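Numbering (mature numbering (1 follows the signal peptide of the UniProt record, and there is no 0)), first residue to last: -20 to -1, 1 to 685.
Step one of this worksheet: look at the structure below.
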């Protein structure tokens, strides 16, 4: 007979139902752990709140071996001693020995499975109620260890560990900790430029069936409006391009055409609807590697990414989005990156961080409040530090069941609420990895649990603030490994060059319109390329080619080594024409220098910019002076420039042929002109005399008649 004094709760009933015919007992070797599958299917209620609650455990036991198994038993093991802290829970959960800790648990009545045929499965059920406990009754709010164990011939084979959380109504009211859950919708860039040419076709797979983005949409549809979402605008840009018209995919064999994606359009509609009332934060466009940009001198890019992200995402979702909370790559940044974020036009005043980046100092034996304060060049910034254990539950290792993860979540948050010394609510933050591949069933179950547990109050992330509960922290911790994880200087050097070139066209447009390549350049700085620089360089080649092609749309016409202009005489004006093939008006300057100043000098000072309409040409007259007593060919270099003096495009060369005369040649020419003039005058006078004589003869003849 089982002693009541050792029970956590009384075992009322258990049933075992065979789903495959039994087999005669046979002598077998000791079964290995791999031969048995044990699972817990349900535990209810979650948590137990009343002494009258009926706690039911159900599950299955399956023989995976190729032979019958004898001497099996299933039993429920537990302990009346509750966990004292989260560390003891973690040790209980993580020990690799399947039967470890079970020796410290009290065994219940055991049910023997006489024989289990190969491939056969049985279901088991245990029912108990706290009200039937005599001694000790569950004394107070707390988390208790429970395990379901399978043994063969009294030797433990495997076990499933879990928890029972008891929250009796008689305990003093616990503070409702504020829980903020941040869920990311972040991917890698799939285009280089804004054209419909895609680097791969992964998105078409991700938004359908059990694809990663399809799973995210399922989660969003059932999520509370109190959940905070971090959405990368470039992802929605790519999907919008796929959904509107035919697009192309780059392959190793060339380029393939794809029809417009109805699945992408459906996904976008689902997300717009699901996130309409939620807190949505725009991840900086293309999710740039902010720390690397800060360290490599690309200081302007984070601010541009934040502004563009806010504008694009708001337009794509159809409502205003926020940018005041930033979630840096891997949740890690240093003081340089923090300063860049804090001085952006759309000021960042909160950052979501990995717990290793801002550890308590000294370490504390309890769960610290998530909010802390950091100093930046632009004033204080609130750091929101994610809880590592709770965040990990949202993306468990393969094989972890939804039920056990939910039980662990309930137990962990209950343990935080019961930690000693807590007199007012604390802040807790959950943030799975930024490019997670979620299990919709699991995440939905955890979100529902978070919204109904009496010791939690689900709240938007940006409502959390640092309070007097904040514990001292060590300051931003940025390790050598964190630095190695950044995009390298070697990778970013050509990106820096193409960034400067991409800005040039913007500088010469009359209204200083944003560069058409702002989004393309930001895609090159994406943190997605940290582990895949080859893909980043492939994108760079496409962007660099597109930027160069655009610059070439503004050209000096008639230039080149085989094009010759003639300067008649020792001085004169040479026309230089510029053609604008862009669809916008431009205003630029022309700089002309002589490569042969001893032969030809340029006298040209442009006070006002040359303005050229869209798809039109403009011309300036450049005064040039040849050296006296010389003639021949001289080279001049023509460079288009922006208002601030930056070169636009490659310099062009013009050949100028001078035809000046020497001093003797001038005398000869002058004498020749004098002789010519005298001859002309003599001829005029002779003709005039001949006309007078003819008129006189005609008069005499008339008088005679």
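Ideal Cβ positions, reconstructed from N, Cα and C, are used throughout, including at glycine.
Here the structure is a predicted model, which means the values were calculated and not measured.
Tell me whether residue i sits in a helix, a strand or coil according to DSSP, three-state version.
| i | result |
| --- | --- |
| residue 127 | strand |
| residue -17 | Residue placement at residue -17 is flagged as unreliable, the pLDDT there being 34, under the threshold of 50; a coordinate-derived value is accordingly withheld. |
| residue 602 | strand |
| residue 690 | Residue 690 cannot be examined here, being either before or after the span of the chain that is shown, -20 to 685. |
| residue 216 | helix |
| residue 340 | strand |
| residue 478 | helix |
| residue 265 | coil |
| residue 435 | coil |
| residue 416 | coil |
| residue 158 | strand |
| residue 305 | strand |
| residue 557 | strand |
| residue 452 | coil |
| residue 484 | helix |
| residue 109 | strand |
| residue 136 | strand |
| residue 614 | strand |
| residue 392 | helix |
| residue 639 | strand |
| residue -12 | For residue -12, the pLDDT reaches just 39, beneath the cut-off of 50, and the residue's location in the model is therefore unreliable, leaving the point undetermined. |
Under DSSP, the alpha helix (DSSP H) around residue i begins and ends at which residues?
| i | result |
| --- | --- |
| residue 465 | 460 to 465 |
| residue 564 | Where residue 564 is concerned, there is no enclosing alpha helix (DSSP H), given that its DSSP letter is neither H nor E. |
| residue 520 | 513 to 531 |
| residue 185 | 182 to 186 |
| residue 247 | 242 to 254 |
| residue 429 | 420 to 432 |
Nearest to residue i by alpha carbon, out of the options?
| i | options | result |
| --- | --- | --- |
| residue 461 | 526, 271 and 484 | 271 |
| residue 140 | 318, 387 and 277 | 387 |
| residue 454 | 342, 396 and 359 | 342 |
| residue 311 | 363, 285, 326 and 328 | 363 |
| residue 624 | 568, 613, 128 and 633 | 568 |
| residue 592 | 324, 488, 552 and 371 | 488 |
| residue 333 | 412, 237 and 394 | 412 |
| residue 445 | 389, 297, 131 and 158 | 158 |
| residue 419 | 197, 305, 125 and 41 | 197 |
| residue 588 | 574, 560 and 621 | 621 |
| residue 302 | 62, 263, 315 and 317 | 263 |
| residue 47 | 26, 97 and 86 | 97 |
| residue 534 | 608, 458 and 631 | 631 |
| residue 240 | 282, 523 and 183 | 183 |
| residue 170 | 335, 503, 142 and 421 | 503 |
| residue 354 | 290, 456, 34 and 149 | 456 |
| residue 43 | 586, 15 and 537 | 15 |
| residue 266 | 373, 509 and 299 | 509 |
| residue 634 | 574, 594 and 610 | 574 |
| residue 609 | 590, 571, 562 and 549 | 549 |
| residue 216 | 595, 185 and 292 | 292 |
| residue 578 | 606, 566 and 374 | 606 |
Per DSSP, which one or two residues make a beta bridge with residue i?
| i | result |
| --- | --- |
| residue 321 | Beta-bridge pairing links residue 321 to no other residue. |
| residue 625 | Residue 625 is not bridged to any residue. |
| residue 227 | 238 |
| residue 146 | 28 and 122 |
| residue 49 | 96 |
| residue 347 | Paired residues: none, contrary to the question. |
| residue 91 | 54 |
| residue 153 | Answer is none; residue 153 lacks a bridge partner. |
| residue 352 | 363 |
| residue 489 | 566 |
For the beta strand (DSSP E) holding residue i, just list the boundary residues, first then last.
| i | result |
| --- | --- |
| residue 22 | 16 to 24 |
| residue 72 | No beta strand (DSSP E) holds residue 72; the alpha helix (DSSP H) holding it covers 66 to 74. |
| residue 36 | 35 to 43 |
| residue 545 | 544 to 547 |
| residue 331 | 330 to 333 |
Check the Cβ-Cβ distances between residue i and every residue of chain B, and say whether any is below 8 angstroms.
| i | result |
| --- | --- |
| residue 455 | The structure shown has no chain B; it contains just one protein chain. |
For this session: Please determine if the region 43 to 61 and the region 90 to 102 are in contact, where contact requires at least 3 C-beta pairs separated by less than 8 angstroms.
Result: yes
Exercise. Given 8 angstroms as the limit, is there contact between the region 205 to 213 and the region 151 to 168, that is, 3 or more CB pairs closer than that?
Worked result: yes
Exercise. Does the count of Cβ pairs from the region 596 to 615 and the region 550 to 561 closer than 8 angstroms reach three?
Worked result: yes
Exercise. Do the region 518 to 538 and the region 322 to 342 make contact, defined as three or more Cβ pairs closer than 8 angstroms?
Worked result: no
Exercise. Counting Cβ pairs closer than 8 angstroms, one from the region 100 to 109 and one from the region 368 to 384, do we hit at least three?
Worked result: no
Exercise. Is the region 344 to 351 touching the region 393 to 412 in the sense that three or more CB pairs, one from each, lie closer than 8 angstroms?
Worked result: yes
Exercise. Are the region 37 to 47 and the region 64 to 79 touching by the rule of at least three beta carbon pairs closer than 8 angstroms?
Worked result: no
For this session: Mind the definition here: the region 173 to 180 touches the region 221 to 231 only if three or more C-beta pairs lie below 8 angstroms; say whether that holds.
Result: At 8 angstroms Cβ cutoff, the stretches touch.
Exercise. Any contact of the region 464 to 479 with the region 229 to 238, i.e. 3+ C-beta pairs under 8 angstroms?
Worked result: When Cβ pairs closer than 8 angstroms are counted between the two stretches, the region 464 to 479 is seen not to touch the region 229 to 238, the count staying below three.
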